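Visitor:
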Amino acid sequence: GGRARMMMMQPLRCVAVLLVLASLTEAFVPAVSNIGYRSGATSKVCSLKGTFSPILRRATVGLRAEAETENTARAVGEKDSGRHLDDTRERSDAVSDIYGPFWEAAAEILQKRLGVELEPYPIPDGYVRKEATMGKGKRESHVYTQSYAFQTKKLRQIRAAHVNGGAALQVLNFVIFPHMNYDLPFLGLDLVTLPGGHLIAIDMQPLFQSDEYKAKYSGQKVLDMHAKHAENLPWGGDFPEEAKQYFSPAFLWTRPQEDKEVETHVFDAFKDYLNSYLDFVEAAQPETDAERLEAVKERQIAYLQYRAEKDPARGMFTRIYGPEWTEEYIHGFLFDLEEKIEAGEYKVGETLPTTRELNFKPTPVG
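Count the sequence shown with my numbering and you get residues 37 to 402, in order.
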């Protein structure tokens, strides 16, 4: 918004150069151009990672997204254009809210497992629920994005974004970020349904790739869980090389074609991975070694920067809600740690104050 524009004025020349040089790189979700979500980029000339403050980086990426949205010559799914939203033909008889039961199950598990430790996490005003109309004529449909967020003394942010655009688009992005005094992995449950099929990425995403870390968080019990679900949910294909550092040996990446597979096999995996992750949370002990704490901090920030800059939902949200809302949502909520640190709001192991109450239900319309 206005704050970002003010920050941009002084270093405008540098930003302009970066905008010319920077190209879209592969998304965090693996390249799946054949079903219209995100095709791989042709090159990566430079990275904004670590270059500016979070506010300036947000403005730079936002300008790039806005410029790309105006390029109407792109094909469906190319470079995260969001143009797949125009195509509803293949899912006209689809389940109207395929991920609603997933969120209901997650909410029940969180309340049961975390109990009184669970507190509301602040969501910026105007971002709890957002609605819009997309498409034209017979393809016009209503889309909403509902956000949920919680926190505990061990878990810095537990958040979910539930997007429902009918036959064109359904998403549940559910991520848990631990506090920086724990070496816990991130829990990433990314469920996407588009006109051409489903994209499912489920993992306890590691901070480190050492054998010791893998043994701790991807041991035999976790590998057995993965193998059980992989029998019904086959591997979904290659994904970007640079993203491999953020996946564990138990990464479940699949592309089911039928809604029934999502409602059964994916649903079971979703619950198992969430419960398994909360088992690790329950047993987790805080780190005390200064060197280890610094390593955890570095890896957490690197992960968040990567996710924010490569967010595959950017084109979708920009096309539906516009670039300003999109960049604030990505950097001010979905991946907000850097801004919280910069503002002096984040304290390791402490929860953030908020006036919001615990809420697991969709915001009433009207």
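Glycine is no exception: its CB is placed at the ideal position from the N, C-alpha and C atoms.
Only a predicted model underlies this, so the values are computations on that prediction, with no experimental measurement involved.
#1: How many angstroms separate the CA atom of glycine 113 from the CA atom of alanine 326?
#2: What does a CB cutoff of less than 7 Å around threonine 390 pick up in its chain, not counting 5 residues either side in sequence?
#3: Drop a sphere of 10 angstroms on the beta-carbon of histidine 215, count the other beta-carbons inside from all chains shown, and report buried for 16 or more, exposed for fewer.
#4: Locate the alpha helix (DSSP H) running through histidine 262, then write down its first and last residues.
#5: Report all residues from its chain with a CB closer than 7 Å to the CB of asparagine 268; omit the five preceding and five following residues, and keep chain order.
#6: Indicate the three-state DSSP secondary structure (helix, strand or coil) for proline 137 in the structure shown.
#7: Any idea what DSSP makes of proline 359, helix, strand or coil?
#8: Hey, phenylalanine 186 and leucine 223: beta-carbon distance below 7 Å or not?
#9: Based on Cα-Cα distance, which residue from Arg392, Asn311, Val298 lies nearest to isoleucine 134?
#10: Grab the span of the alpha helix (DSSP H) containing arginine 291 for me, first residue to last.
#11: State the CB to CB distance for the pair glutamine 241 and proline 221, rounded to an integer number of angstroms; the pair is presumed to be in contact (CB under 8 Å).
#12: Spell out the partners DSSP gives histidine 367 in its beta bridges.
#13: Phenylalanine 275 by DSSP, collapsed to three states: which one?
#14: Does the structure place the segment 134 to 146 close enough to the segment 365 to 378 that three or more beta carbon pairs sit under 8 Å?
#15: Rounded C-beta distance between histidine 265 and aspartate 308? I'm assuming under 8 Å.
#16: Pull up the DSSP beta-bridge partners for tyrosine 184, would you.
#17: I'd like to know whether the C-beta atoms of leucine 225 and isoleucine 238 end up nearer to each other than 7 Å.
#18: By the three-class DSSP mapping on this structure, what secondary structure does glutamine 241 have?
#19: Quick one: is glutamine 341 buried, meaning 16 or more other Cβ sit within 10 Å of its Cβ, or exposed?
#20: Which stretch, first to last residue, makes up the beta strand (DSSP E) that contains glutamate 176?
#21: From lysine 346 to phenylalanine 369, what does the alpha carbon distance come to, in whole angstroms?
#22: Have a look at the DSSP bridge pairing and note the partners of glycine 224.
#23: Go through its chain and collect everything with a Cβ distance to arginine 165's Cβ below 6 Å, but skip five positions before and after it.
#24: In terms of residue numbering, what span does the alpha helix (DSSP H) encompassing glutamate 248 cover?
#25: Please list the terminal residues of the continuous alpha helix (DSSP H) segment that includes arginine 343.
#26: Taking the C-alpha atoms as reference points, what is the distance between serine 357 and arginine 350?
Guide: On the basis of the coordinates in this document:
#1: Its pLDDT being 31, under 50, glycine 113 is placed unreliably in this model, and the coordinates cannot settle the point.
#2: Pro156, Tyr157, Pro158
#3: buried
#4: 256 to 266
#5: For asparagine 268, where only same-chain residues beyond five positions count, the Cβ hits under 7 Å are His301.
#6: helix
#7: helix
#8: no
#9: Val298
#10: Note, arginine 291: premise wrong, no alpha helix (DSSP H); not H, not E.
#11: About 5 Å; that satisfies the 8 Å criterion.
#12: Note: histidine 367 sits in no beta bridge, so no partner.
#13: coil
#14: no
#15: 7 Å
#16: Tyrosine 184 is bridged to Ala196.
#17: yes
#18: DSSP, reduced to helix, strand and coil, places glutamine 241 within a strand of the structure shown.
#19: Result: buried.
#20: Premise fails: glutamate 176 is in no beta strand (DSSP E) and is neither H nor E.
#21: 15 Å
#22: Val211, Asp239
#23: Gln182, Thr399
#24: 247 to 253
#25: It spans 326 to 345 - the alpha helix (DSSP H) in which arginine 343 sits, taken as one unbroken run.
#26: For the sequence presented, residue 357 should be read as tyrosine rather than serine. The straight-line gap from Cα to Cα measures roughly 10 Å.
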